[in-house]
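A.B. asks: No gaps in the numbering here: position 19 of the sequence shown is 18 in numbering that gives the first Met the number 0, and each next residue is one more.
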Amino acid sequence: MPKPDLLCLVQLLDNTIQTFTVNKQDAGEVLLEQVCNQLGLLERHFFSLQLRDSNTTIVAQTHSPRWLEANKPLKKQLKGKKH
Numbered sequence: 000m001p002k003p004d005l006l007c008l009v010q011l012l013d014n015t016i017q018t019f020t021v022n023k024q025d026a027g028e029v030l031l032e033q034v035c036n037q038l039g040l041l042e043r044h045f046f047s048l049q050l051r052d053s054n055t056t057i058v059a060q061t062h063s064p065r066w067l068e069a070n071k072p073l074k075k076q077l078k079g080k081k082h
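Laid out in structure tokens, this is it:
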């Protein structure tokens, strides 16, 4: 199993932040599955994760939200520095 090399901070609806580690080559569904497992969610197809830049807040963003694509590698969905 590849070493986890991407630290993901996930802000939940109650504003708590949980940390998950995944490989940057993993598809988005790997991160979503970890979050759903942590929360005990059974109806996973109803949920997704919104991506946001670490330098901005959700209120400050004026463009459309970006959603995690389950079948796309995480490294192709991240903005900013090379991963």
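We put the beta carbon where it would ideally sit given N, CA and C, even for glycine. Just so we're clear, the structure is a prediction, and the values are computed from it rather than from any experiment.
1. For V9 and E68, I'd like the C-alpha separation in whole angstroms.
2. For Q76, report the span of its beta strand (DSSP E) as first-last.
3. Answer with buried or exposed for G27, where buried requires no fewer than 16 other C-beta atoms within 10 angstroms of its C-beta.
4. Closest to F19 by C-alpha separation, out of R43, H44, L48, L41, would be which residue?
5. The ligand GTP and S47: does the residue's C-beta get closer than 6 Å to at least one heavy atom of that ligand?
C.D. replies: To lay it out plainly:
1. 15 Å
2. No beta strand (DSSP E) holds Q76; DSSP gives it neither H nor E.
3. buried
4. L48
5. This structure lacks the ligand GTP; in fact it carries no ligand of any kind.
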